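Report on the structure given below.
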């Protein structure tokens, strides 16, 4: 069984970084998804893709996957660069053009 270990990014609906510090373990899809003939919904015979486990650290998630005997891939979080800006900088005449 293949699993993916990652840190979730913040959603577009939130301005803060809540719930992005924990590490998540998701199961990779084993069976292909297919449309249901009656309603047209996308379905899969694999119910493990609905399970998401969370851990405090990356090492805990890796230890859990190794203890269960699963192969895993770790997806490192992208480095977030914050450029400090002031509202008054919008009106400076010598500001750099991007």
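Residue numbers (the UniProt record's numbering): 1 to 98.
C-beta atoms are modelled at their ideal positions from N, C-alpha and C, and glycine is treated no differently.
Everything numeric in this text was worked out from a predicted model, so none of it was measured.
Taking all protein chains shown into account, residue 25 has 16 or more neighbouring C-beta atoms within 10 Å of its C-beta and is therefore buried.
Each residue's CA atom was taken as its position, placing residue 90 and residue 82 some 17 angstroms apart.
Our two residues, residue 1 and residue 8, have alpha carbons roughly 21 angstroms apart in a direct line. CA-CA distance, residue 23 to residue 50, rounds to 16 angstroms. Around the Cβ of residue 3, a 10 Å sphere holds 16 or more other Cβ atoms; the residue is buried.
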